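Undergrad: If you scroll down you'll find the structure; I have some questions about it.
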DNA sequence: TGTAATCGTCACGGTTCTGTCACGACCAGC
DNA sequence: GCTGGTCGTGACAGAACCGTGACGATTACA
């Protein structure tokens, strides 16, 4: 699960900093902008997964920026959370009408912020429907998150599951350890290449005698999933 | 099409009468209550198809009653239309947040009332009443709001009930904590993901030895309801 | 108003998973 | 047979993950 990017647009550095720290601790990537103009530009350039917008800012206000973002094709789907000072509750409806997805009143706790942000992101990212794959009686079903061999369930760990899923959807092609780390582990983790070997081993073990042969070593290169040979 | 029942809750007899006449002419069955307490009781007893609720009433207010009705399982699905005096427009959002389905400002014409009432009813009644589900002797019956194990009643809390209902109508599929929060708790609540674990625990406890195995942990992902394995 | 039920959160501990290492088997070319 | 490189394998410590009991807060109900 790759971490999401959040753009913070607020004119007060202290607030930005506070939010940034909270979000980074929760494993989000953070971008900052100190006014609506640069915020707008960054939203276009970096395509963040969510925008945190201060209501009151010198120059273009947050709500105005929200309207603009919602109006433009490229950013219309981008979830927006408005930040507002206490006592401006009445503006809530205005904010929501401008297209904001949620609305947080200052002061707020970092916990609350992260929780609501998660909730908004959850709503915004519809679950993808993945098809199940089957090969020689070996079946992987993403919906139930299950691997079966001729109907019987297979014991398989999380990483082995992802590895197998990748292989079954990318058959007949050899991948280097490096490529597998990218695809299965996710781009920015530092892991020894040999670690792949260990998980290949574990995957083979999980697959058992019946299906071991599907995971093939390509000496000098890496591994391959194939029914042939 | 059998005629629908509408419950009117308003402290002014004249208004009740006016509405009642309009509705009866449009072939609705009408129930009347003059305060929130009896309104609440009648909503439970008579299960009207829709509730017309005056905002301002002596004692418990209409909006408060709306909140209660939405909170209780038995009446949560019941559509609510709030009636309010002119000039209280600002409260609109409050009303909608309390769970009201529509909002009519006095004074209104009988024609308008009936029209909007029809619209709400149309939206609110999707095809099909909820059917009871049974699996391996475990039965959940939405009508009676009961869970039984081979006929014997099971102690189960509200949240556990909703969780079980969701699971039983979505078997064989793994859900992340996040998805469960969306589906069972409702989109915009801000709750820790681990809270799901706790309710899973409570659900398992309620299900007892006999049915525990149906609620399965999918390590690294979430949970699943399944009869297999 | 007090009591019971329910809820969300936390902290602790057991279990499982993960990444790394070390050792040895295997392979190709000399 | 020797050699350098590659891969399989078992072991292990730390991290991640999940189950569980307890607690305070809120709400329902008498």
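Chains as they are written, first to last, in our numbering: chain A, 36 to 264; chain B, 36 to 264. Every residue, glycine too, gets a C-beta built ideally from N, C-alpha and C. Here the structure is a predicted model, which means the values were calculated and not measured.
1) Given a cut-off of 9 Å on the beta-carbon distance, is the pair residue 11/B and residue 250/B in contact?
2) According to DSSP, simplified to helix, strand and coil, what is residue 244/B?
3) Over the uninterrupted alpha helix (DSSP H) stretch that includes residue 137/A, give me the two end residues.
4) For the alpha helix (DSSP H) containing residue 56/B, name the first residue and the last one.
5) Report buried or exposed for residue 225/A, applying the criterion of at least 16 other Cβ atoms within 10 angstroms of its Cβ.
6) Quick check on the DSSP output: the alpha helix (DSSP H) that includes residue 213/A runs from which residue to which?
7) According to the Cβ coordinates, are residue 40/B and residue 93/B closer than 9 Å?
8) Identify which residue in 103/B, 167/B, 245/B and 85/B has its Cα closest to the Cα of residue 43/B.
9) Can you check whether the CB of residue 67/A is closer than 9 Å to the CB of residue 45/A?
10) What residue range is occupied by the uninterrupted beta strand (DSSP E) comprising residue 82/B?
11) Measure the beta-carbon distance from residue 107/B to residue 71/B and round it to whole angstroms, keeping in mind my assumption that it falls under 8 Å.
12) Kindly give me the distance between the Cβ atoms of residue 167/B and residue 246/B, rounded to whole angstroms, as I take these residues to be in contact under 8 Å.
13) With 8 Å as the C-beta to C-beta threshold (strictly closer), list the residues of the region 135-150 of chain A near chain B in chain order.
14) For the region 191-202 of chain A, which residues have a CB atom closer than 7 Å to at least one CB atom of chain B, in sequence order?
15) Please classify residue 100/B: does DSSP put it in a helix, a strand, or coil?
16) Considering only their Cβ atoms, is the gap separating residue 55/A from residue 91/A smaller than 9 Å?
17) To the nearest angstrom, how far is the alpha carbon of residue 178/B from that of residue 209/B?
18) Does DSSP put residue 183/B in a helix, a strand or coil?
19) Rounded to whole angstroms, what is the Cα-Cα separation between residue 162/B and residue 112/B?
20) I need the DSSP call for residue 174/B, collapsed to helix, strand or coil.
21) Going by beta carbon distance, what residues of the same chain come within less than 8 Å of residue 78/A, once the five residues before and after it are set aside?
22) Go ahead and pull the three-state DSSP assignment for residue 44/B.
23) Name the DSSP bridge partner or partners of residue 251/A?
24) Please classify residue 195/B as buried or exposed, where buried requires at least 16 other C-beta atoms within 10 Å of its C-beta.
25) By the DSSP assignment, the beta strand (DSSP E) with residue 67/B in it spans what residues?
26) From which residue to which residue does the beta strand (DSSP E) around residue 119/B run?
27) Quick check: the Cα distance between residue 256/B and residue 47/B, rounded to an integer number of angstroms?
28) For residue 137/A, does the count of other Cβ atoms within 10 angstroms reach 16, so buried, or fall short, so exposed?
29) What do you get for residue 153/A, buried or exposed, if any count of 16 or more other CB atoms within 10 angstroms of its CB means buried?
30) Using a Cβ-Cβ cutoff of less than 8 Å, which residues in the same chain neighbour residue 244/B once the five nearest sequence positions on both sides are dropped?
31) For residue 150/A, does the three-state DSSP call read helix, strand or coil?
32) What whole-angstrom Cβ distance do residue 198/B and residue 234/B have, given they're in contact under 8 Å?
33) For residue 176/B, which residues of its own chain have a beta-carbon under 6 Å away from its beta-carbon, when the five flanking residues on both sides are left out?
34) Kindly list the residues whose CB is nearer than 6 Å to the CB of residue 227/A, restricted to its own chain and excluding five residues on each side of it in sequence; keep chain order.
35) Residue 211/A: which of 231/A, 203/A, 200/A and 221/A sits nearest, CA to CA?
TA: Reading it off the structure:
1) This structure leaves residue 11/B out entirely; chain B is present only between 36 and 264.
2) DSSP places residue 244/B in helix when its eight states are reduced to three.
3) Element bounds for residue 137/A: not the alpha helix (DSSP H) but the beta strand (DSSP E), 137-140.
4) According to the DSSP assignment, residue 56/B belongs to the alpha helix (DSSP H) that extends over 48-60.
5) Under the 10 Å beta carbon count, residue 225/A is surrounded by fewer than 16 other beta carbons and is classified as exposed.
6) Element bounds for residue 213/A: 212-215.
7) Contact: no.
8) Looking at 103/B, 167/B, 245/B and 85/B, the one whose alpha-carbon comes closest to that of residue 43/B is 85/B.
9) Contact flag set, yes.
10) Where residue 82/B is concerned, there is no enclosing beta strand (DSSP E), because DSSP gives it neither an H nor an E.
11) About 14 Å separates the Cβ atoms of residue 107/B and residue 71/B, ruling out a contact at the 8 Å cut-off.
12) Taking the Cβ atoms as the reference, residue 167/B lies roughly 16 Å from residue 246/B, outside the contact range of under 8 Å.
13) Closer than 8 Å at the C-beta level to chain B, one finds these residues of the region 135-150 of chain A: 137, 147 and 150.
14) If the cut-off is 7 Å between Cβ atoms, the region 191-202 of chain A has 193 near chain B.
15) Residue state, collapsed to three classes: helix.
16) Residue 55/A sits away from residue 91/A, with the two beta carbons spaced by 9 Å or more.
17) Those two C-alpha atoms are separated by around 27 Å.
18) Strand.
19) In this predicted model, residue 162/B has a pLDDT of only 39, less than 50, meaning its place in the structure is not dependable enough to derive any value.
20) If DSSP states are grouped into helix, strand and coil, residue 174/B belongs with the strands.
21) Residues 42, 86, 104, 110 and 113 of the same chain have their beta carbon placed closer than 8 Å to that of residue 78/A, with the five preceding and five following residues left out of the count.
22) Looking at residue 44/B - three-state DSSP - the assignment turns out to be strand.
23) In DSSP, residue 251/A forms a bridge with 259/A.
24) Residue 195/B counts as buried, since at least 16 other C-beta atoms from the protein chains shown sit within 10 angstroms of its C-beta.
25) Where residue 67/B is concerned, the enclosing beta strand (DSSP E) stretches over 64-68.
26) For residue 119/B, the enclosing beta strand (DSSP E) has its first and last residue at 115-119.
27) Distance between the alpha carbons of residue 256/B and residue 47/B is about 55 Å.
28) Flag for residue 137/A reads buried.
29) Residue 153/A counts as buried, since at least 16 other C-beta atoms from the protein chains shown sit within 10 angstroms of its C-beta.
30) Same-chain partners within the cutoff: there are none.
31) Residue state, collapsed to three classes: helix.
32) The pair is a contact, with the Cβ atoms about 6 Å apart (cut-off 8 Å).
33) These residues qualify, in order along the chain: 167.
34) Hits under 6 Å: none found.
35) Residue 231/A is the option with its Cα nearest to residue 211/A.
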